[in-house]
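Below is one structure; the comments refer to it alone.
There are 2 protein chains.
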Amino acid sequence: MSEVIIFYDIPSRDVKDVAWSPNTWKTRFSLNYKGLPYRTVWVEYPDIARVCREIGAEPTSTSEDGSPYYTLPAIYDPSTKTAISESGKIARYLDKAYPDTPVLIPSGTCALHAAFQEVFLMTVQRRMQPLMLPPTNNILNPPSEAYFRRTRESKFGKLEDWSPPGPIREKHQEDLRVELTKVAVWMASDGEGKPFFMGDTIHYADITIAGWLVWMKKVLGPESQEWTRLKTWDDGKWGTFMQAFEKYEIVG
Amino acid sequence: MSEVIIFYDIPSRDVKDVAWSPNTWKTRFSLNYKGLPYRTVWVEYPDIARVCREIGAEPTSTSEDGSPYYTLPAIYDPSTKTAISESGKIARYLDKAYPDTPVLIPSGTCALHAAFQEVFLMTVQRRMQPLMLPPTNNILNPPSEAYFRRTRESKFGKLEDWSPPGPIREKHQEDLRVELTKVAVWMASDGEGKPFFMGDTIHYADITIAGWLVWMKKVLGPESQEWTRLKTWDDGKWGTFMQAFEKYEIVG
Chain F
-19 MSEVIIFYDI PSRDVKDVAW SPNTWKTRFS LNYKGLPYRT VWVEYPDIAR
31 VCREIGAEPT STSEDGSPYY TLPAIYDPST KTAISESGKI ARYLDKAYPD
81 TPVLIPSGTC ALHAAFQEVF LMTVQRRMQP LMLPPTNNIL NPPSEAYFRR
131 TRESKFGKLE DWSPPGPIRE KHQEDLRVEL TKVAVWMASD GEGKPFFMGD
181 TIHYADITIA GWLVWMKKVL GPESQEWTRL KTWDDGKWGT FMQAFEKYEI
231 VG
Chain W
-19 MSEVIIFYDI PSRDVKDVAW SPNTWKTRFS LNYKGLPYRT VWVEYPDIAR
31 VCREIGAEPT STSEDGSPYY TLPAIYDPST KTAISESGKI ARYLDKAYPD
81 TPVLIPSGTC ALHAAFQEVF LMTVQRRMQP LMLPPTNNIL NPPSEAYFRR
131 TRESKFGKLE DWSPPGPIRE KHQEDLRVEL TKVAVWMASD GEGKPFFMGD
181 TIHYADITIA GWLVWMKKVL GPESQEWTRL KTWDDGKWGT FMQAFEKYEI
231 VG
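Chains as they are written, first to last, in my numbering: chain F, -19 to 232; chain W, -19 to 232.
In structure tokens:
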């Protein structure tokens, strides 16, 4: 057991069923899709920097005050004594360290995948945040909840004002729908009608999309009106797409 | 001669040496890289819609008033009696119609390439426009110059105010440098130090970048201070990168 990969994730109040963080879901999906054994270590927000330093995972960016900024996901792989942070870097590491498992980022597509991460951030992710950060705050444990609220509100104002039910929230949903349609158009651009970004098989671009969409499913619930509606967008593309990920929604 | 592909491009006052339009350069580079014979038909801006309708090329978007919007590049291929507009669609057509020529968009990367087009538009292209639209206006023939000025100024104000020499233009250059560095970072993300987006060989993502960068070289001149400076950015990456395209800068 001590030799399996250790995967660091952020808990919710009900960690048994709900892994919620979209960025850590990208790594969880990566591990599950590759079939690699791992165990989850749950880390509250205020402890992320300390834990990353302890295992030797690099900061993923720099704070406005110039100090290193640590984020999850991170993994520690005892078999190679390697700590890695940032889901894209983790995907590249897993492809190299475990070449006999399904490939996430095929040779030659690393730069294209990196560019996709950026455009997905600038479009879909940006539109999901006002919808999803306020309800996410409600499912965090107290230490994370206080940290999450403080850091998010210092930039964008009171969480409860971001997307109150009614026309403002409807507008955010419509904005998200427009951005997701762009992704659907890219995926259809080869005219072959394949379900995934690179064709018939899941790769890291698909995992990025699924990681973010599953956030809504996990936090609002699989029966929620918003999730049910999202699955119908683009002629049901996203419902079918997310169905393919159900078998990888394992919280190991 | 009548059987070669006809390529529709926008002239400058000195068409012999200067094909300038970044979007049409994407198709010109595509044709030159594939080694496909073609002849250029030069179309002034006010004639683009008429010419596209005559050859049967589709509009590439919709104007704000709901009318179809026609743009170049477009090609007409007499051997298949096909007219295509939009450089990405043209690249996909050329790959299918001429499978024995170098591939622009490898199988499975069509959606990733489409996503790259979008992020390149949102980053580098957006930052090049204030730098390059005003000097471009100065090299157009009178009918295109009037059309270009009217359509651009109706949205963004007097062309001469966009990037006057001095601190405003310096700022636009710095903004462009920042965005190009992002592209360099994506290209370096596999850690292999290869010169192009997918490795050692030119593909359509590279042609997209080259098409836009060559705009500066053509309009400001290869000896201009701004072009000379751009080539030094990211440790000289863009100078080396554009050198690889010099043999495809043929105006056929």
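All C-beta atoms in this analysis are idealised placements derived from N, C-alpha and C, irrespective of residue type, glycine included.
For residue i, the nearest candidate out of the options (CA to CA)
| i | options | result |
| --- | --- | --- |
| Pro110 of chain W | W:Val99, W:Arg149, W:Pro53 | W:Arg149 |
| Ile230 of chain F | F:Leu16, F:Glu(-17), F:Val(-16) | F:Leu16 |
| Asp186 of chain F | F:Trp207, F:Glu206, F:Gln223, F:Leu200 | F:Gln223 |
| Tyr56 of chain W | W:Glu206, W:Val165, W:Thr4, W:Val(-16) | W:Val(-16) |
| Thr42 of chain F | F:Phe9, F:Ala29, F:Asp214, F:Ala126 | F:Ala29 |
| Glu24 of chain W | W:Leu101, W:Lys69, W:Leu52 | W:Leu52 |
| Leu160 of chain F | F:Val31, F:Trp218, F:Pro115, F:His93 | F:Trp218 |
| Trp22 of chain W | W:Ala190, W:His93, W:Ser124 | W:Ser124 |
| Arg106 of chain F | F:Trp192, F:Pro39, F:Ala(-1) | F:Trp192 |
| Ile189 of chain W | W:Thr103, W:Val83, W:Lys174, W:Asn117 | W:Thr103 |
| Phe177 of chain W | F:Thr4, F:Ala91, F:Val83, F:Tyr(-12) | F:Ala91 |
| Gly201 of chain W | W:Ala(-1), W:Pro(-9), W:Ile(-14) | W:Ala(-1) |
| Asp155 of chain W | W:Leu113, W:Met108, W:Ala54, W:Ser169 | W:Met108 |
| Met112 of chain W | W:His93, W:Ala95, W:Pro144 | W:Pro144 |
| Tyr49 of chain F | F:Thr131, F:Ala164, F:Thr212 | F:Thr131 |
| Thr235 of chain F | F:Trp166, F:Arg129, F:Gln153, F:Asp(-11) | In the structure as shown, chain F starts at -19 and stops at 232, and residue 235 of chain F therefore has no counterpart that could be examined. |
| Glu85 of chain W | W:Ile(-14), W:Ile182, W:Glu203, W:Glu206 | Going by the sequence as given, residue 85 of chain W is Ile instead of Glu. With distances taken between Cα atoms, Ile85 of chain W lies closest to W:Ile182. |
| Gly175 of chain W | W:Val83, W:Asp215, W:Tyr(-12) | Before going further, note that residue 175 of chain W is Pro rather than Gly in the sequence given. Ranking W:Val83, W:Asp215, W:Tyr(-12) by Cα distance to Pro175 of chain W puts W:Asp215 first. |
| Asp27 of chain F | F:Lys6, F:Ala54, F:Val199 | F:Ala54 |
| Ile(-14) of chain F | F:Trp5, F:Ser10, F:Tyr18, F:Asn3 | F:Tyr18 |
Per DSSP, the bridge partner or partners of residue i
| i | result |
| --- | --- |
| Ser65 of chain F | F:Ala54 |
| Asp(-11) of chain W | W:Trp22 |
| Phe176 of chain F | F:Gly179 |
| Tyr49 of chain F | F:Ser41 |
Whole-Å CB distance - residue i paired with residue j, under 8 Å assumed
| i | j | result |
| --- | --- | --- |
| Ala37 of chain W | Ser65 of chain W | 4 Å |
| Asn12 of chain W | Tyr184 of chain W | Not quite, the Cβ-Cβ distance comes to about 13 Å (not below 8 Å), so this is no contact. |
| Thr60 of chain F | Ala77 of chain F | 6 Å |
| Leu251 of chain F | Arg8 of chain F | What is shown of chain F runs -19 to 232, which leaves residue 251 of chain F out entirely. |
| Thr81 of chain F | Tyr73 of chain F | Contact doesn't hold; Cβ gap of about 12 Å is too wide. |
| Ala95 of chain F | Trp166 of chain W | 5 Å |
| Thr20 of chain F | Gly232 of chain F | 6 Å |
Neighbour-count burial assignment, residue i, 16 or more Cβ in a 10 Å radius
| i | result |
| --- | --- |
| Met(-19) of chain F | The predicted position of Met(-19) of chain F is uncertain, since its pLDDT is 47 and thus under 50; no value can be drawn from it. |
| Lys210 of chain W | In the sequence as presented, Lys is not what sits at residue 210 of chain W; that position holds Leu. Label assigned to Leu210 of chain W: buried. |
| Lys197 of chain F | buried |
| Gly171 of chain W | exposed |
| Gln97 of chain F | buried |
| Val99 of chain W | buried |
| Gly68 of chain W | buried |
| Phe221 of chain F | buried |
| Thr89 of chain W | buried |
| Phe136 of chain W | exposed |
| Asp141 of chain F | exposed |
| Glu34 of chain W | exposed |
| Arg45 of chain W | Correcting the residue identity first, residue 45 of chain W is Asp in this sequence and not Arg. Asp45 of chain W comes out exposed. |
| Ser47 of chain F | exposed |
| Asn117 of chain W | buried |
| Glu226 of chain W | exposed |
| Thr40 of chain W | buried |
| Val194 of chain F | buried |
| Lys151 of chain W | exposed |
| Lys138 of chain F | exposed |
| Thr212 of chain F | exposed |
| Val163 of chain F | buried |
| Pro114 of chain F | buried |
| Pro147 of chain F | exposed |
| Ser134 of chain W | exposed |
| Asp(-11) of chain W | buried |
| Asp180 of chain F | exposed |
| Ser10 of chain W | buried |
beta-carbon residue i near the ligand FMN non-hydrogen atom, thresh 7 Å
| i | result |
| --- | --- |
| Ala77 of chain W | Among the components modelled here there is no ligand, and therefore nothing to report on the ligand FMN. |
Partners in chain C for residue i, counting only beta-carbon separations shorter than 7 Å
| i | result |
| --- | --- |
| Phe177 of chain F | Although the question refers to chain C, the structure presented lacks it and instead comprises the protein chains F and W. |
Can you list, in chain order, the residues of the region 116 to 140 of chain W whose Cβ is nearer than 7 Å to any Cβ on chain F? For the region 116 to 140 of chain W, there are no residues whose beta carbon sits under 7 Å from a beta carbon of chain F.
Beta carbons nearer than 9 Å to chain W: which residues of the region 60 to 92 of chain F have them? Listed by position, the residues of the region 60 to 92 of chain F near chain W (Cβ gap below 9 Å) are Gly68, Lys69, Arg72, Ile85, Pro86, Ser87, Gly88, Thr89, Cys90, Ala91, Leu92.
Identify each residue in the region 140 to 166 of chain F for which the Cβ-Cβ distance to at least one residue of chain W is less than 9 Å, and report them in chain order. The residues in question are Lys162, Val163, Val165, Trp166.
Note down, in chain order, all residues in the region 96 to 116 of chain F with a beta-carbon under 7 Å from any beta-carbon belonging to chain W. For the region 96 to 116 of chain F, the beta-carbon criterion of a distance under 7 Å to any beta-carbon of chain W is satisfied by Phe96, Glu98, Val99, Met102.
Going along the chain, which residues of the region 173 to 200 of chain F sit with their C-beta nearer than 7 Å to a C-beta in chain W? Within the region 173 to 200 of chain F, the qualifying residues are Phe177, Met178, Gly179, Ala185.
To be precise: take each residue of the region -4 to 15 of chain W, compare its Cβ to all Cβ atoms of chain F, and keep it if any distance is under 8 Å. Which residues remain? Using a CB distance below 8 Å, no part of the region -4 to 15 of chain W faces chain F.
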